[in-house]
């Protein structure tokens with residue numbers, strides 16, 4: 682089923698205002714398959730929204746001094762697929778900047794995003810997560 686640009690824009694809005702929890706609750710399926718590529722401490726496949734939040738989101742949040750400021754630079758919507766090219770700014774509790782670049786590929790199932798693949802600088806992630 683096709684995803685609409687309005688749906689995607691609503692999701693992006695939550696990311697850009699720092700409302701990651703609301704983004705996850707409102708746009709990501711409970712049984713999501715969320716894959717973080719690479720070899721970082723967060724890399725792997727998370728098989729539910731709760732698993733992803735507990736094992737990845739919480740871990741990243743606990744390493745930061747405040748939240749992540751997301752900026753979506755490019756959006757591609759094609760049928761059931763969305764590609765987001767993003768940057769983020771944050772500060773680690775150690776004081777180190779956490780300014781990362783991302784590509785997210787999201788697949789829509791007609792109601793929510795049920796598959797997500799994430800690409801980012803995993804070396805940077807490993808530097809701030811203890």
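In our numbering, the protein residues as written are 682 to 811. We treat Cβ as the ideally placed atom computed from N, Cα and C, and that holds for glycine. Model, not experiment: these values are computed from the prediction.
Handout entry: At least 3 beta-carbon pairs within less than 8 Å: the region 780 to 792 vs the region 750 to 770
Key = Contact holds: three or more Cβ-Cβ distances are below 8 Å.
Handout entry: Whole-Å CB distance - residue 807 paired with residue 721, under 8 Å assumed
Key = Confirmed, about 5 Å.
Exercise for the section: Name the one or two DSSP bridge partners that residue 784 has. Expected result: Partner residues in the beta bridge of residue 784, as assigned by DSSP, are 766 and 800.
Handout entry: Spatially closest choice to residue 793 from 686, 711 and 696, by CA coordinates
Key = Its Cα nearest to that of residue 793, the residue 711 stands out among 686, 711 and 696.
Problem - Contact set for residue 737: own chain, Cβ-Cβ below 7 Å, skip 5 residues either direction - result: For residue 737, same chain residues with a beta-carbon under 7 Å away, outside a window of 5 residues either side, are 717, 723 and 727 in chain order.
Handout entry: Cα-Cα separation, residue 692 to residue 773
Key = Distance between the alpha carbons of residue 692 and residue 773: 25 Å.
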